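2 protein chains.
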Amino acid sequence: MIERILAASIGQHVGATVRLCGWVHRIRELGAVSFVVLRDRSGVAQLVYSGRTDLGNESVILVTGTVAENDKAPGGYEVQVSQTTLLAPAAADLPIPVNQDPESIGIDALLDNRIISLRMPKIRSIFAVQSTIVDAFAEYLRANDFTEIKSSKLIGTGTEGGTGLFTVDYFGDRVYLAQSPQFYKQAMVASGMERVFEIGAAYRAEKHDTPRHLNEYVSLDVEMGFITDHTDLMDLEAGLLTHIFDRVRERHADALAEHGATVPTAEQVAAIPRIDHDDAKEIISRRAGKKAFEINPEGERELCAWAQEESGIAAAFVTGFPRKKRPFYTFPDDQKTRSFDLLFRGLEITTGGQRINEYAMLIDTLPKFGLTEEGLGDYCTIFKYGCPPHGGFAIGLERLTQQILGLSNVKEASLFPRDRKRVRP
Amino acid sequence: MIERILAASIGQHVGATVRLCGWVHRIRELGAVSFVVLRDRSGVAQLVYSGRTDLGNESVILVTGTVAENDKAPGGYEVQVSQTTLLAPAAADLPIPVNQDPESIGIDALLDNRIISLRMPKIRSIFAVQSTIVDAFAEYLRANDFTEIKSSKLIGTGTEGGTGLFTVDYFGDRVYLAQSPQFYKQAMVASGMERVFEIGAAYRAEKHDTPRHLNEYVSLDVEMGFITDHTDLMDLEAGLLTHIFDRVRERHADALAEHGATVPTAEQVAAIPRIDHDDAKEIISRRAGKKAFEINPEGERELCAWAQEESGIAAAFVTGFPRKKRPFYTFPDDQKTRSFDLLFRGLEITTGGQRINEYAMLIDTLPKFGLTEEGLGDYCTIFKYGCPPHGGFAIGLERLTQQILGLSNVKEASLFPRDRKRVRP
Chain H
16 MIERILAASI GQHVGATVRL CGWVHRIREL GAVSFVVLRD RSGVAQLVYS
66 GRTDLGNESV ILVTGTVAEN DKAPGGYEVQ VSQTTLLAPA AADLPIPVNQ
116 DPESIGIDAL LDNRIISLRM PKIRSIFAVQ STIVDAFAEY LRANDFTEIK
166 SSKLIGTGTE GGTGLFTVDY FGDRVYLAQS PQFYKQAMVA SGMERVFEIG
216 AAYRAEKHDT PRHLNEYVSL DVEMGFITDH TDLMDLEAGL LTHIFDRVRE
266 RHADALAEHG ATVPTAEQVA AIPRIDHDDA KEIISRRAGK KAFEINPEGE
316 RELCAWAQEE SGIAAAFVTG FPRKKRPFYT FPDDQKTRSF DLLFRGLEIT
366 TGGQRINEYA MLIDTLPKFG LTEEGLGDYC TIFKYGCPPH GGFAIGLERL
416 TQQILGLSNV KEASLFPRDR KRVRP
Chain R
16 MIERILAASI GQHVGATVRL CGWVHRIREL GAVSFVVLRD RSGVAQLVYS
66 GRTDLGNESV ILVTGTVAEN DKAPGGYEVQ VSQTTLLAPA AADLPIPVNQ
116 DPESIGIDAL LDNRIISLRM PKIRSIFAVQ STIVDAFAEY LRANDFTEIK
166 SSKLIGTGTE GGTGLFTVDY FGDRVYLAQS PQFYKQAMVA SGMERVFEIG
216 AAYRAEKHDT PRHLNEYVSL DVEMGFITDH TDLMDLEAGL LTHIFDRVRE
266 RHADALAEHG ATVPTAEQVA AIPRIDHDDA KEIISRRAGK KAFEINPEGE
316 RELCAWAQEE SGIAAAFVTG FPRKKRPFYT FPDDQKTRSF DLLFRGLEIT
366 TGGQRINEYA MLIDTLPKFG LTEEGLGDYC TIFKYGCPPH GGFAIGLERL
416 TQQILGLSNV KEASLFPRDR KRVRP
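Just so you know, the sequences run in chain order H and R. Residues in the first sequence are numbered from 16 upward in steps of one, following our numbering. Residues in the second sequence are numbered from 16 upward in steps of one, following our numbering.
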């Protein structure tokens, strides 16, 4: 039997008899000949049939044929088919067309018919890029001596406070879906692993339904021991993002072109400004022509526009957040904190900072946030028995994917998004 | 400032002044001198102090000193300390000792005090190996053109049937925690991605509390299109496991030695027998001296012992399971199925098989399992619109880790295990 080749590689087999498998993407019947575009995981190839075919869109076929050059074929080659086997038929009542531009279909129809819309090459390419982001994230951190961890998503208490948690019936007990692996990644730094990362689901039971929120998302979490302060973390994140951008550029030229997107260079990432929270508000106020009391979504866009003009990249680290705007575990710096957000192309994609590592300081801090040691379960044990200075950050995978490709809604960057109204498919 | 070096590397710095950071693992005071074993992410190093120290176990310190050779020191080198900074003190009332063999402490005490027991080097090494398993799994599949996916763990309906599901309150609606990404990985094969893998949490609300079960575990899932039958999947898994074993052997000689473990060679994995379910029962019956009506945990151990004797590896693929023992989506083969389990060192670590990919066959099958198309939500849509022959398998990450290292309880291979009674820490 002839070995299967992929659609993208037919140009390497001119004159040869080849075998292809895939989906019928498009059919054009011209009487004497029919052109069928075959789609597989690598891309598409034009098949040529004499006369009509009885194939339907989205049917899965196996074909044998001879590769020929044809300037008019997409890619410059086509396959003259000698034999076709129908591997699986497709019903004719496709709820949405696969071979059209997804832009021509509304986002609700795309998400309601997710099983079908994921077949659209432009949509599938989003998740090829996402797979590379995950790969590059892990690759960079492993090369820097980080260990990958997998922590539980079922927790007895919420470290970020009790609001915004989904409840789970756990054999009659009430437990919660974790909002972040914060507790666990800090525990693993203190265990002596020192440098850890986790790629895992995070849950937010927040009712707002916006283009920037998901109720379930993938959090790319990093935590690192023996840091001096949060500047070490921003340096780490800059190196990490550079590596991710490089890998996306290397592997996904087609997807970037299809989405009209580019990724920043190492020089651009190195130029990301680091702005104090107060200064950021001032810049936003000045540009918007009205006083900014906090950095809202509009302010995030304004600050990135400023950074683009000033530094050549639409991104900014915002530092020095006030204590009351950050979780209790954030390392204080007078009334401010050793913490940061990273805004990228107008959207916050990271929150991070140094954490309180001294038990006495932590115990002192809890009442200021209305918390008690007992209420935090096992959390304080991490610090009672020797925990080095440390900190970390988390990148929202879907938001990073969205901003790299310039998608208008974060839900487009989730295979099966969960929002206020959507728990299917 | 002198750059920090790691404990494992001091032999490369003899005569030099170095800086080390880490935890006080052990203190031995001999009057004129004190020996302190410092632990960091790389291992341990002996520090020498003149006179007594006022350090306590598990305190986090930063020391400066000079490296000297000493045959009597662990590793052959030690650091004569000139300066010590206490980075974080540790309370003296450690609930369990860190510097003793975990075997001397019961599993319940180890799990109840997980924040502390994870500091024990032998326990931490389990998760260094686990991190490599995850890495090697993804690496092998990416090299074979698989795309990593991240699917939702919040589902409206259970594809495996409604039992054993944890319920979540989703804005007042009742949804479930996914038992597996089965639906989603099949959808992604059918999307045209063809070859996908997922590393994600899976949930089983099963009440039994045994050394082989977790209520939350990490599932290493694989799904592949355009297969001939389930033998392609066993071939893929053999290649995948070989790669994982190779990486563990390369990177974790110390951990393997500490646990008294070895990993199979490529030749051994290639020799794993493939036994029909009926033949397996016969072998078990013969060896146990009593009729085996099914392959229970004792039978799994017996079959692996047989494989060790016959083929030189304590592992076996069991194929040809009867239809009624497999989920509805399993591709039938008369009264049997194109499915398999992989037993490794006496424990099932994988279930897999070819899936039904034809819509008509699926619709025909549902009533035999008491199911309806409507009851399965969007599942049947995958097959209605053209889905190639495909199949896949899932490896339990904790079970694989357990069996590689020879741990007696799967909970030892979970950082923060969840069982019938345990949702903390």
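From the three backbone atoms N, C-alpha and C, an ideal C-beta is built for every residue, glycine too. As the structure is a prediction and not an experimental result, all values here were calculated from the model.
Taking G215/H as the centre and dropping the five residues before and after it, the same chain places the C-beta of K165, S166, K168, P196, V233, S234, D236 closer than 8 Å to its C-beta, in chain order.
Secondary structure within the stretch 23-102 of chain R: the beta strand (DSSP E) runs of 3 or more consecutive residues, fully enclosed, are 32-44, 48-55, 58-65, 75-84 (chain order). Our two residues, Q283/R and G80/R, have alpha carbons roughly 48 Å apart in a direct line.
In the displayed model, G275/R falls within coil according to three-state DSSP, outside both helix and strand. In the structure shown, R301/H falls within a helical segment according to DSSP collapsed to helix, strand and coil.
Not a single CB atom of chain H sits nearer than 8 Å to the CB of S24/R. Bridge pairing for A281/H: absent [DSSP]. Distances from the CA of E93/R to each of G179/R, H28/R, Q194/R, T147/R were compared; the closest alpha carbon is that of H28/R. Annotation for L391/H: no beta strand (DSSP E) segment contains it, and DSSP assigns it neither H nor E. Neighbourhood of S206/R in chain H, by CB distance below 7 Å: L133, R134, R139, in chain order. Residue range 136-158 is occupied by the alpha helix (DSSP H) that includes S146/R.
Judged by DSSP secondary structure, Q369/H falls outside any alpha helix (DSSP H) and instead within the beta strand (DSSP E) spanning 362-370. DSSP lists S234/R as the beta-bridge partner residues of G411/R.
Two segments are said to touch when three or more pairs of C-beta atoms, one from each, lie closer than 8 Å; by this definition the stretch 320-333 of chain H touches the stretch 348-361 of chain H. A Cβ-Cβ separation of about 7 Å places G390/H in contact with T172/H under the 8 Å criterion. Of the candidates Q323/R, R353/R, A105/R, A276/R, A105/R places its Cα closest to the Cα of K399/H.
Secondary structure of R189/R (DSSP, three-state): strand. Closest in C-alpha terms to K340/R, from the list F384/R, A272/R, S132/R, comes F384/R.
Annotation: the continuous alpha helix (DSSP H) that includes A253/H extends over 245-266. About 42 Å separates the beta carbon of F308/R from that of C36/H, a gap too long to meet the 8 Å contact definition.
In chain order, V75, A103 make up the part of chain R whose C-beta sits under 8 Å from the C-beta of C402/H. By DSSP's assignment, E163/H forms a beta bridge with F212/H. Interface residue (Cβ-Cβ distance to chain H less than 8 Å): I164/R is classified as such. Within 9 Å of the CB of Y185/H, the CB atoms of chain R belong to F181, A220, N230, R433, V438, in sequence order along the chain. One finds I130 in chain R with Cβ atoms closer than 7 Å to the Cβ of I397/H, taken in chain order. Under the Cβ criterion of 8 Å, E309/R is not counted among the residues facing chain H.
With respect to the C-alpha of V278/R, the residue from P403/R, G327/R, P440/R having the closest C-alpha is G327/R. With the rule of 3 Cβ pairs closer than 8 Å, the stretch 183-192 of chain H does not count as touching the stretch 391-410 of chain H.
Going by DSSP, I130/H is part of the alpha helix (DSSP H) stretching over 129-132.
Distance from the CA atom of H405/R to the CA atom of M239/R, rounded to whole angstroms, is 5 Å. By the CB criterion at 8 Å, G368/H and T352/H fall inside the cutoff.
Of all C-beta pairs linking the stretch 218-231 of chain R to the stretch 427-439 of chain R, three or more are shorter than 8 Å, placing the two stretches in contact. Among the CB atoms of chain H, one or more fall inside 8 Å of the CB of K168/R.
In the three-state DSSP reduction, A270/H falls in the helix class (H, G or I). Distance from the CA atom of E273/H to the CA atom of R264/H, rounded to whole angstroms, is 13 Å. Pairing N230/R with R219/R, the inter-Cα distance amounts to about 5 Å.
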